[in-house]
Amino acid sequence: MGESIDISRELQVAISTGKVLIGHKSTRKALLAGQAKMVILAANAPVDIRSDLEYYAKLSGTPIFVFPGSSLELGTAAKKPFKISAMAIIDPGQSEILRLAGHA
110 MGESIDISRE
120 LQVAISTGKV
130 LIGHKSTRKA
140 LLAGQAKMVI
150 LAANAPVDIR
160 SDLEYYAKLS
170 GTPIFVFPGS
180 SLELGTAAKK
190 PFKISAMAII
200 DPGQSEILRL
210 AGHA
């Protein structure tokens, strides 16, 4: 299966050393502006949010990674005290989070 990526650790590195936008509206704006390098969706993201972001990601050629956990778990992985359904990676910083796009 190759080497495993610690999603939580890479997410935290991306947040601290790069630029990550959190939330459906911010993610959609980044996709429309062509700024997003990757979109991360929680496994339980609402269907309307998921289909909206999948549509814009497909138009812009941006990969989507579905986080294997709930929005609460994605928030915890990002060290945020709230649920996160969607986030956009604008700049990965020193993380290797964009390698997840190959695992999507």
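Residue numbers for the sequence shown follow my numbering, so the first one is 110 and each next one is one higher. We put the CB at the ideal spot given by N, CA and C, even for glycine. Computed from a predicted structure; not experimentally measured.
Residue pairing by DSSP places aspartate 200 opposite Lys128 in a beta bridge. In the structure shown, isoleucine 116 adopts helical secondary structure according to DSSP, grouped into three states. From the listed residues Leu150, Ala142, Ser204, the smallest Cα separation to phenylalanine 176 is found for Leu150.
Buried is the label assigned to threonine 171, since at least 16 other Cβ atoms lie within 10 Å of its Cβ.
For alanine 195, the secondary structure class from DSSP, reduced to helix, strand or coil, is strand.
According to DSSP, isoleucine 173 shares a beta bridge with Val148. Here threonine 136 is buried. Its C-beta has 16 or more other C-beta atoms within 10 Å. Our two residues, leucine 183 and isoleucine 193, have alpha carbons roughly 6 Å apart in a direct line.
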